[in-house]
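Asks:
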Amino acid sequence: MKRETTINLLLAAVLLALPLVAAGMGEPFYVTLATRVVVLALAAVGLNLALGLGGLLSFGHAAFFGLGGYAAGILATHAFNAEPLFAGIPGTTSMPLIWLVAVLVAGLVALPIGAISLRTTGVYFIMITLAFAQMIYYFAISWPAYGGEDGLSIYVRNAFPGINTAQPLPYFLVCFAVLMAALLLFRLIEGSRFGSALQAARQNGVRLAAVGIPPFKIRLVAFMLSAMITGLAGALYADLNRFVGPSMLSWHMSGELMVLIILGGKGRLFGPVAGAMIFVSLEYVLGGITERWQFFLGLILLGIVLFARGGFLGLVSGKPRHV
Amino acid sequence: MFTALLIEQLLNGLQLGVMLFLMAAGLTLIFGVMGLINLAHGSLYMIGAFACATVAAATGSFWLGLIASLAAAAGVGALIEVAVIRRLYDRDHLDQVLATFALILILSEGARWLFGSFPLYLDIPKLLQGAVPLPGGGQYQLYRLAIIAVGILVAVGLYLLISKTRLGMRIRAGESDREMIGALGVDISTLYTVVFALGAALAGLAGALVGALQSVQVGMGEPVLILAFVVIVIGGIGSIKGALVGAVIVGVVDTMGRFLLPSLLALTMPAAQATTIGAALASMLIYVVMALILAFRPSGLFAAQS
Chain A
3 MKRETTINLL LAAVLLALPL VAAGMGEPFY VTLATRVVVL ALAAVGLNLA
53 LGLGGLLSFG HAAFFGLGGY AAGILATHAF NAEPLFAGIP GTTSMPLIWL
103 VAVLVAGLVA LPIGAISLRT TGVYFIMITL AFAQMIYYFA ISWPAYGGED
153 GLSIYVRNAF PGINTAQPLP YFLVCFAVLM AALLLFRLIE GSRFGSALQA
203 ARQNGVRLAA VGIPPFKIRL VAFMLSAMIT GLAGALYADL NRFVGPSMLS
253 WHMSGELMVL IILGGKGRLF GPVAGAMIFV SLEYVLGGIT ERWQFFLGLI
303 LLGIVLFARG GFLGLVSGKP RHV
Chain B
14 MFTALLIEQL LNGLQLGVML FLMAAGLTLI FGVMGLINLA HGSLYMIGAF
64 ACATVAAATG SFWLGLIASL AAAAGVGALI EVAVIRRLYD RDHLDQVLAT
114 FALILILSEG ARWLFGSFPL YLDIPKLLQG AVPLPGGGQY QLYRLAIIAV
164 GILVAVGLYL LISKTRLGMR IRAGESDREM IGALGVDIST LYTVVFALGA
214 ALAGLAGALV GALQSVQVGM GEPVLILAFV VIVIGGIGSI KGALVGAVIV
264 GVVDTMGRFL LPSLLALTMP AAQATTIGAA LASMLIYVVM ALILAFRPSG
314 LFAAQS
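Chains as they are written, first to last, in this note's numbering: chain A, 3 to 325; chain B, 14 to 319.
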């Protein structure tokens, strides 16, 4: 077995085992912390598809994360208040249905954003995706119907058929299963013809065009798929916190998702997972030591970017295959 | 009455634009010469405001505070250029984004550490208090007019600096071919530090000037930073002229949108609804303008040749 595969399996096992142990010891807090890792990892898996495989430095993925969250929050609120959403369509508290809506909304919004942003490259692309995310952020803040600046509370966590999601451990297992499914999808995409074309578009778009595959279309589809996965993560995140607010849409969130990928290893299957594990642990440990944890988190991040290129997986399992 | 209000809002838009120009000029200069995308530019703006508020409170003089803001922002700028930014020039944009994102965390939390979480306040200097009458009735704050004047002076100064002086010549040369001017014996790393410090000083100046209009607090730089990004994307990254035009467009469109959209919508729907929808649309307006401009000119209005 390749070294990276071993490490990936090890990471998955640790991530699964820790909450099981914590739940057994009656420490639900750590189960929730692990769920946070899983959901952030899922969001970053989405971004990793665009950023890692496609080389598209989207600085606006918080938009899709937040949209997924708002999809969950809005549907649940309407179901809770028994008000129809519009044209007589009721809200819902069924997770699979909410996920479907979150994924569709993220994908549909990603289509025009991608279609405009992907006309540009480099710094322009970074800043335009950022600007679109900010546009949605300011809209959420100034639109009072769904809480505006105060956000939206989900009073009862939404339901998954046959599972008691109100308990931390079953909800963790649901999220974990979704993460594993997303990782499988990522692996399948990476190995597919589409994935090859996407990586070729990153390495040299002109050559890809020369063999008759338009890079723009490939990138657009990748951008949408990536947004959909991140949107799904947003719905899970809203349910985890039983709250959705504009902070999910803020550019700090976009930055954090990028940080997760860099911490773990860009473009690698388990990069986002490793990154989320490190990031949440850092946040938790530093937050326990000092109120000024952001200061030290910044210093550590700076150190990693400057001196430890390739992230955690680059450090422990050597150079990636795809470079 | 309406004309006076309109003129007042136009001037407000211009003042916002000028302030954005001070930010965007530094950003675009740094990007144009060094190819660096600097998210921490908003932190330098914040540092300028804090330095000005602190020194003004200690000495009682706004003008000393203004000098302090320039010195502090340029000093911190030069420091982080030497310590961190210098290592990022040959990295890809992703690393630059992340490293400067980390710098924001450090500088914001550092400022909160030093100054506490409470906002500081800065008074408008005596000389510039008061208002000027506007044609059509109404008055306009003298201080805001002064900000517009400073912005115009800086724009002219930058133009002269870049087109007429030796330093400007080197900056232009650095934009077009950095290896070549290195080979011609110009100390490129000092030049970069100078350019970065210059951009930082402009951001600090903007922060200090705006500090007297609003409260000085941690995180004040971030909304401005993102607007400044919109400005340089509209104007064309690397172009000072583009930054000026983009800044005025963004400033005026944003202010006028907030002013006019609710009243325009009120013609077609109930007033309360028009206010909320108008406010929501107005906050998105500049991004829509940006998307439109980029849909037709993907590299901005005045794209620098590179």
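We put the beta carbon where it would ideally sit given N, CA and C, even for glycine.
Within 10 Å of its beta-carbon, does B:S252 have 16 or more other beta-carbons around it, so buried, or fewer, so exposed?
Replies: The residue given as residue 252 of chain B occupies position 239 in the second sequence. Result: buried.
Asks: Taking buried to mean at least 16 other C-beta atoms within 10 Å of its own C-beta, is A:L11 buried or exposed?
Replies: Position 9 of the first sequence, counting from 1, holds the residue named residue 11 of chain A. Flag for A:L11 reads exposed.
Asks: Going by Cα to Cα distance, which pick from B:G232, B:V261, B:N51 is closest to B:S130?
Replies: Along the second sequence, one-based indexing puts residue 130 of chain B at 117. Out of B:G232, B:V261, B:N51, B:G232 has the C-alpha closest to the C-alpha of B:S130.
Asks: Name the chain B residues whose beta carbon is nearer than 7 angstroms to that of A:A203?
Replies: Reading the first sequence from its first residue, position 201 is the one you call residue 203 of chain A. Ordered by position in chain B, no residue passes the 7 angstroms Cβ test against A:A203, which lies about 16 angstroms from the chain.
Asks: Compute the Euclidean distance between the alpha carbons of A:R189 and A:P146, then round it to the nearest angstrom.
Replies: As a working mapping, residue 189 of chain A is identified with position 187 in the first sequence. As a working mapping, residue 146 of chain A is identified with position 144 in the first sequence. If I take the Cα positions, the gap works out to 41 angstroms.
Asks: Beta carbon of A:A240, beta carbon of A:G70: below 9 angstroms?
Replies: To locate residue 240 of chain A, count along the first sequence from 1; it is residue 238. To locate residue 70 of chain A, count along the first sequence from 1; it is residue 68. Their beta carbons are under 9 angstroms apart, which means A:A240 touches A:G70 by this criterion.
Asks: At the 9 angstroms Cβ level, is B:R125 part of the contact set with chain A, yes or no?
Replies: As a position in the second sequence, residue 125 of chain B is number 112, starting the count at 1. True, the Cβ-Cβ gap to chain A drops below 9 angstroms.
Asks: Per DSSP, what kind of secondary structure is A:P21 in: helix, strand or coil?
Replies: Against the first sequence, residue 21 of chain A aligns to sequence position 19. A:P21 falls in the helix class under three-state DSSP.
Asks: May I have the straight-line CA-CA distance separating A:F309 from B:R125, to the nearest angstrom?
Replies: Reading the first sequence from its first residue, position 307 is the one you call residue 309 of chain A. Reading the second sequence from its first residue, position 112 is the one you call residue 125 of chain B. Answer to the nearest angstrom: the Cα atoms are 27 angstroms apart.
Asks: Examine chain A for any beta-carbon lying closer than 9 angstroms to the beta-carbon of B:H54, and answer yes or no.
Replies: Reading the second sequence from its first residue, position 41 is the one you call residue 54 of chain B. Judged by the 9 angstroms Cβ criterion, B:H54 is not in contact with chain A.
Asks: What's the call for B:Y300, buried or exposed, on a 16-neighbour Cβ count within 10 Å?
Replies: Counting from 1 along the second sequence, the entry for residue 300 of chain B is found at position 287. Flag for B:Y300 reads buried.
Asks: Would you kindly work out how many angstroms separate the C-alpha atoms of B:I201 and B:G217, rounded to a whole number?
Replies: Stepping through the second sequence from its first residue, residue 201 of chain B is reached at position 188. Stepping through the second sequence from its first residue, residue 217 of chain B is reached at position 204. Cα to Cα, the separation comes out at about 24 angstroms.
Asks: A:I165 by DSSP, collapsed to three states: which one?
Replies: Looking up residue 165 of chain A in the first sequence gives position 163. Strand, per DSSP.
Asks: Residues of the region 132 to 144 of chain A with a CB closer than 7 angstroms to any CB of chain B: list them in chain order, please.
Replies: Listed by position, the residues of the region 132 to 144 of chain A near chain B (Cβ gap below 7 angstroms) are L132, A133, F134, Q136, M137, Y140, F141, S144.
Asks: Nearest to A:L17 by alpha carbon, out of A:E6, A:A133, A:G28, A:Y32?
Replies: The residue you call residue 17 of chain A lines up with position 15 of the first sequence. Taking only the C-alpha atoms, the option nearest A:L17 is A:Y32.
Asks: Distance cutoff 9 angstroms, beta carbons only. Does A:V325 sit that close to anything in chain B?
Replies: Position 323 of the first sequence, counted from the first residue, corresponds to residue 325 of chain A. The predicted model places A:V325 with a pLDDT of 47, which falls under 50 and marks its position as unreliable; any figure quoted below should be read in that light. Not one chain B Cβ lies under 9 angstroms of A:V325.
Asks: Skipping 5 residues on each side, what residues in its chain have a beta carbon closer than 7 angstroms to that of B:G291?
Replies: For the purposes of this step, residue 291 of chain B is taken as residue 278 along the second sequence, with counting starting at 1. L274, P275, L278.
Asks: Using the beta-carbon count (16 or more within 10 Å), is A:R5 buried or exposed?
Replies: Taking the first residue of the first sequence as position 1, residue 5 of chain A is located at position 3. Per the 10 Å Cβ criterion, exposed.
Asks: Beta-carbon of B:I262 versus every beta-carbon of chain E: anything under 9 angstroms?
Replies: The structure shown has no chain E; the protein chains it does contain are A and B.
Asks: For A:G124, which residues in chain B fall below 7 angstroms Cβ to Cβ?
Replies: Translated into the one-based positions of the first sequence, residue 124 of chain A becomes position 122. Within 7 angstroms Cβ-Cβ: H106.
Asks: Determine the direct distance from the alpha carbon of B:P146 to that of B:M269, and round the result to whole angstroms.
Replies: Indexing the second sequence from 1 puts residue 269 of chain B at position 256. Indexing the second sequence from 1 puts residue 146 of chain B at position 133. The alpha-carbon atoms of B:M269 and B:P146 are separated by roughly 21 angstroms.
Asks: Are the beta-carbon atoms of A:A278 and A:V23 separated by less than 9 angstroms?
Replies: Counting from 1 along the first sequence, the entry for residue 278 of chain A is found at position 276. Counting from 1 along the first sequence, the entry for residue 23 of chain A is found at position 21. Their beta carbons are not under 9 angstroms apart, which means A:A278 does not touch A:V23 by this criterion.
Asks: Is B:L118 close to chain A, meaning its C-beta is less than 9 angstroms from at least one C-beta of that chain?
Replies: As a working note, residue 118 of chain B is residue 105 in the second sequence. Answer yes: the Cβ-Cβ gap between B:L118 and chain A drops below 9 angstroms somewhere.
Asks: Could you check whether A:L53 and A:M260 sit closer than 9 angstroms to each other, using their CB atoms as the reference points?
Replies: For the purposes of this step, residue 260 of chain A is identified with residue 258 of the first sequence, where counting begins at 1. For the purposes of this step, residue 53 of chain A is identified with residue 51 of the first sequence, where counting begins at 1. Taking 9 angstroms as the Cβ cut-off, A:M260 and A:L53 qualify as a contacting pair.
Asks: Less than 8 angstroms between the CB atoms is what I'm expecting for B:G164 and B:V31, so what's the real figure, rounded?
Replies: Numbered from 1 along the second sequence, position 151 holds the residue referred to as residue 164 of chain B. Numbered from 1 along the second sequence, position 18 holds the residue referred to as residue 31 of chain B. Yes, they are in contact, since the Cβ atoms of B:G164 and B:V31 sit about 3 angstroms apart, within 8 angstroms.
Asks: For a test of the three-state rule: what should DSSP assign to A:I76, helix, strand or coil?
Replies: The residue labelled residue 76 of chain A in the question sits at position 74 within the first sequence. Helix at A:I76.
Asks: The beta strand (DSSP E) with B:V145 in it runs from where to where?
Replies: By 1-based counting over the second sequence, the position of residue 145 of chain B is 132. Run containing B:V145: 144 to 146, per the beta strand (DSSP E) assignment.
Asks: Within 10 angstroms of its Cβ, does A:E268 collect 16 or more other Cβ (buried), or is it exposed?
Replies: For the purposes of this step, residue 268 of chain A is identified with residue 266 of the first sequence, where counting begins at 1. What sits at residue 268 of chain A in the sequence shown is Lys, not Glu. With 16 or more other Cβ atoms within 10 Å, it is buried.
Asks: Within 10 angstroms of its Cβ, does A:L303 collect 16 or more other Cβ (buried), or is it exposed?
Replies: The count along the first sequence starts at 1 and reaches residue 303 of chain A at position 301. Its Cβ being crowded by 16 or more others within 10 Å, A:L303 is buried.
Asks: Assign A:V325 to one of three DSSP states: helix, strand, or coil.
Replies: For this step, residue 325 of chain A is matched to residue 323 along the first sequence. For A:V325, the predicted model reports a pLDDT of 47, less than 50, meaning its position is unreliable; a value from the coordinates is still stated below. Coil, per DSSP.
Asks: Alpha carbon to alpha carbon, what distance is there between A:A43 and A:G266?
Replies: For the purposes of this step, residue 266 of chain A is identified with residue 264 of the first sequence, where counting begins at 1. For the purposes of this step, residue 43 of chain A is identified with residue 41 of the first sequence, where counting begins at 1. Cα to Cα, the separation comes out at about 10 angstroms.
Asks: Could you pull the start and end residues of the alpha helix (DSSP H) that A:Y126 belongs to?
Replies: As a first step, residue 126 of chain A must be located in the first sequence, where it is residue number 124. Counting along the chain, the alpha helix (DSSP H) containing A:Y126 begins and ends at 124 to 144.
Asks: Among residues of its own chain, excluding the 5 on either side of B:S319, which ones have a beta-carbon nearer than 6 angstroms to its beta-carbon?
Replies: Along the second sequence, read from residue 1 onward, the residue named residue 319 of chain B stands at position 306. Summary for B:S319: the model assigns pLDDT 44, below 50, so the residue's position carries little reliability, and this model does not support an answer.
Asks: Please state whether DSSP places B:S319 in a helix, a strand or coil.
Replies: For the purposes of this step, residue 319 of chain B is taken as the residue at position 306 of the second sequence. Here the model assigns B:S319 a pLDDT of 44, short of 50, so the residue's position is not dependable, and the following value carries that caveat. Coil.
Asks: If you draw a straight line from the C-alpha of A:V325 to the C-alpha of A:V318, how long is it?
Replies: Within the first sequence, the letter at position 323 stands for residue 325 of chain A. Within the first sequence, the letter at position 316 stands for residue 318 of chain A. Interpretation of A:V325 is limited by its pLDDT of 47, a score under 50 that renders its predicted location unreliable; the figure taken from the coordinates is listed afterwards. If you take the alpha carbons of A:V325 and A:V318, they lie about 16 angstroms apart.
Asks: Please check the pair A:F66 and A:G257, which I expect to be a contact at CB under 8 angstroms, by giving their CB distance rounded to whole angstroms.
Replies: Within the first sequence, the letter at position 64 stands for residue 66 of chain A. Within the first sequence, the letter at position 255 stands for residue 257 of chain A. Not a contact, Cβ separation roughly 15 angstroms.
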